[in-house]
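Chains as they are written, first to last, in our numbering: chain A, 367 to 860; chain B, 214 to 500.
Spelled out as structure tokens, the structure:
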């Protein structure tokens with residue numbers, strides 16, 4: 367990207383002392399077909415559109431396989447299959463039985479966890495350590511958790527009777543493909559809806575493997591339909607008149623288009639959109655823990671995380687020490703082959719995403735500001751970006767206001783807690799926030815004043831199916847997870 | 214002896230705890246049910262709406278920061294003040310739209326509804342909060358917090374009880390609001406403003422405008438500092454205008470449509486929840 371300023375580098379030596387032996391996860395056990403069709407009504411069906419597109423591995427730019435592109439007719443077929451399954455089977459099934467299907471799905475994923483993890487890392491570029499230890503275990507946990515709700519909905523909303531909405535259209539992002547699919551499928555099915563789900567165009571494979579698993583689980587045909595495709599396919603789902611609810615996770619721009627598109631209809635919607643979270647470190651924080659939290663906050667999943675702690679706010683008196691410690695820690699991060707178990711940071715998910723990140727960084731450099739990037743050796747092929755710090759920025763800079771969705775952390779300083787809160791809240795977003803302090807009363811005070819749906823105090827980027835997730839302001843509408851995450855899939859009747 | 218000429222009141226806008234004439238310097242006449250002039254209402258402009266939103270934003274954090282106990286007390290105070298003006302409210306309703314019997318029942322239900330919500334302020338957070346049993350070693354809890362500034366559009370139908378039914382859940386939940394009152398029966402909203410003004414409601418927390426819905430709705434729907442809109446006027450095209458523009462800043466849009474606003478099922482803590490955001494906080498458990 368640009369020249370690093372060597373004068374700010376610490377005198378510590380990195381990189382050349384111990385090289386880790388490579389420890390790659392073998393993709394041999396993975397069973398993938400050369401071509402995937404659309405999963406509609408319980409079986410794989412050729413696309414009416416006749417079109418297919420490639421999905422590739424961003425760490426080596428090799429095509430993994432071919433996937434069908436669903437057109438309007440295909441989407442219509444899927445919606446009709448979902449409606450039929452809702453009317454004839456799923457809405458009539460007792461909650462207890464619905465729950466057992468979900469338990470069964472959870473168990474089957476558990477049995478095939480390794481294969482899912484490897485495919486996820488191949489298809490997205492994320493490190494195997496994350497797909498193996500976070501994505502897939504969380505997927506399983508989500509199905510287990512929601513399975514138990516299916517026959518207990520009467521306890522969730524006192525004084526009201528809960529009724530499913532019908533057919534849900536669900537649009538999944540590329541950053542956590544199977545996990546976000548689970549976040550949407552599990553509550554939708556537990557509450558008694560049927561669904562048409564569209565994985566992101568650049569990461570469809572784990573959803574298609576899940577389709578195979580759903581066949582093995584003997585889920586009634588049409589309860590889950592999986593249609594792959596582009597943004598156009600998503601748009602067909604959003605505009606389909608027989609879809610009762612849209613659940614979308616993705617960029618704020620697309621979320622706004624969806625909100626506009628469903629105007630004048632009775633469709634319900636939940637939007638889980640972008641973020642620009644502040645990670646606030648107070649002078650009384652446990653500094654080494656804070657450094658770990660900052661690293662986890664921004665470099666987890668290459669920074670392709672809507673709730674990433676992409677703005678570091680440091681109390682002025684500890685800035686120099688904290689930033690130096692952070693730089694030292696960053697130098698030890700291993701960037702490379704996603705399938706290597708030592709890898710901390712994998713490949714940037716796609717070429718357009720890499721170009722977007724580079725665009726932001728070029729702008730920073732053109733403005734005459736310095737960036738700090740670690741000295742990491744990058745593979746020749748694939749899309750990569752070294753962990754990056756941007757210091758001396760102010761609130762009006764684009765890189766501070768806009769979601770970059772990459773391993774880029776900006777650093778700002780503050781003096782008082784109220785200044786930190788003002789800075790934290792000064793973007794259109796409100797998805798998450800972090801704060802680090804040893805003082806309990808400060809946690810409650812600052813945590814209360816951060817206008818965001820998730821606050822991590824002395825931790826960051828933690829997720830759990832029992833814990834509601836979602837944004838304030840332009841970060842979205844509605845929650846996923848926990849009791850609050852059931853509500854968007856239900857109508858409450860007296 | 215000639216008949217006494219009655220004094221026709223010009224009802225003012227209620228913005229930031231003050232009664233002001235419209236920036237538009239226009240007013241319009243409203244009539245009683247026999248077609249006789251009843252009052253002059255201010256014709257609120259886009260600028261008036263902006264001023265009201267500005268006041269609402271300024272007041273919101275303080276209102277949300279009051280204790281739930283105190284918010285309940287203020288709602289109850291408002292009910293007390295309404296009770297004091299009960300005869301006036303009944304007479305106004307009877308004059309403009311209702312029979313005496315209906316006017317009485319509408320007024321009484323409106324007062325009782327405020328009392329109902331007064332009692333919710335320190336209870337709904339407990340009903341809608343959760344402590345979440347996460348699998349990792351963290352303490353994790355979710356609580357409702359007010360969405361912020363809410364735009365409210367009231368119907369002509371049952372102009373007092375509908376107005377209270379729309380404002381109360383938003384207000385009791387710690388939000389501030391800007392309401393566009395009924396076009397035809399805005400004088401009732403004016404009387405309500407005067408009651409609110411003497412009820413310890415902090416300035417700017419409730420703002421009430423009179424004017425023309427069709428003119429004001431697009432501005433409200435496009436305003437970038439309104440977090441949510443509650444539409445209660447039942448017109449599909451107005452509703453669509455709001456929904457189409459809400460995306461500009463991802464406004465939450467709720468529509469309440471009632472055949473009878475005095476019905477018991479019109480009041481519910483779930484309507485408070487409609488204007489709440491759930492915040493989840495994590496903290497490690499350890500040494």
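Just so it is clear, CB atoms sit at the ideal spot from N, CA and C, and this is done for glycine as well.
- Item | Span of the alpha helix (DSSP H) around residue 564/A | Careful: residue 564/A lies outside any alpha helix (DSSP H), inside the beta strand (DSSP E) at 560-564.
TODO: Tell me, please, whether the CB atom of residue 299/B is closer than 8 Å to any CB atom in chain A?
DONE: no
Check your understanding: So with Cβ pairs under 8 Å, would you call residue 478/B a contact of chain A?
Key -> yes
Check your understanding: Starting from residue 705/A and walking both ways along the beta strand (DSSP E), at which residues does that stretch end?
Key -> No beta strand (DSSP E) holds residue 705/A; DSSP gives it neither H nor E.
Check whether the stretch 792-805 of chain A and the stretch 819-835 of chain A are in contact - that is, three or more C-beta pairs closer than 8 Å.
yes
_DSSP-derived helix/strand/coil call for residue 486/B_ = helix
- Task: Name the two residues that bound the continuous beta strand (DSSP E) containing residue 351/B.
- Result: 351-359
State the DSSP-derived secondary structure class of residue 744/A, mapped to helix, strand or coil. coil
Residue 570/A: buried (16+ other C-beta within 10 angstroms of its C-beta) or exposed? buried
Under the rule that 16 or more other beta-carbon atoms within 10 Å means buried, what is residue 657/A, buried or exposed? buried
Check: Does any CB atom of chain B fall closer than 8 Å to the CB of residue 850/A?
Finding: yes
key: Contact list for residue 629/A against chain B, beta-carbon separation under 7 Å   = 453, 456 and 457
Note to self: Going by beta-carbon coordinates alone, are residue 591/A and residue 444/A separated by less than 8 Å?
What the structure shows: yes
Boundaries of the alpha helix (DSSP H) in which residue 625/A is found, first to last residue: 618-627
* Taking C-beta pairs closer than 7 Å, name the residues in chain A that residue 179/B reaches, listed in chain order. => There is no way to answer for residue 179/B, as the model of chain B reaches only from 214 to 500.
Sufficient close CB pairs (3 or more, under 8 Å) joining the stretch 400-409 of chain A to the stretch 716-724 of chain A:
no
Hey, is residue 339/B's beta-carbon within less than 8 Å of any beta-carbon in chain A?
no
For residue 506/A and residue 383/B, the rounded distance between their alpha carbons: 38 Å
Taking one C-beta from the stretch 598-611 of chain A and one from the stretch 474-484 of chain A each time, how about it: are there three or more such pairs within less than 8 Å?
no
(message) Using only the alpha-carbon positions, how far apart do residue 348/B and residue 492/A sit?
(response) 23 Å
Inset, instruction - Assign residue 852/A to buried or exposed, taking buried as 16 or more other Cβ atoms, counted over all protein chains shown, within 10 Å of its Cβ. - result: buried
**Asked** Mind pulling the chain A residues with CB within less than 8 Å of residue 465/B?
**Response** 843
Residue 628/A to residue 250/B span [Cα, whole Å]: 42 Å
Give the interface partners of residue 886/A over in chain B, defined as CB-CB distance under 9 Å, in chain order. There is simply no residue 886/A to check, as chain A begins at 367 and stops at 860 in what is shown.
- Closer than 8 Å to chain A by CB, residue 483/B: yes
- prompt: Should residue 343/B be flagged as near chain A, meaning a C-beta pair shorter than 8 Å?
  reply: yes
Check your understanding: Among 396/B, 259/B, 416/B and 459/B, which has the Cα closest to the Cα of residue 437/B?
Key -> 459/B
- Got a sec: which bits of the stretch 396-409 of chain A sit with their beta carbon under 7 Å from any beta carbon on chain B, in order along the chain? none
Taking Cβ-Cβ distances shorter than 7 Å, what residues in chain B pair up with residue 838/A? 490
Next item on the list: Assign residue 782/A to one of two classes, buried (16 or more other C-beta atoms within 10 Å of its C-beta) or exposed (fewer than that).
Entry: exposed
Indicate whether residue 334/B and residue 284/B have their beta-carbon atoms separated by less than 8 Å. yes
Discussion item. Taking the beta strand (DSSP E) that residue 529/A belongs to, which residues open and close that run?
Written reply: 527-530
Practice task
Closer than 6 Å by C-beta to residue 409/B: which residues in its own chain qualify, once you throw out the five before and the five after it? Chain order, please.
Solution key: 419
In this structure, what does DSSP give as the bridge partners for residue 410/A? 405/A
- Which two residues bound the contiguous beta strand (DSSP E) that contains residue 465/B? 465-468
Q: State buried or exposed for residue 369/A, treating a residue as buried only when at least 16 other CB atoms are found within 10 Å of its CB.
A: Because residue 369/A carries a pLDDT of 42, less than 50, the predicted location of this residue cannot be relied on, and the following value inherits that uncertainty. The residue is exposed, with fewer than 16 neighbouring Cβ atoms inside 10 Å.
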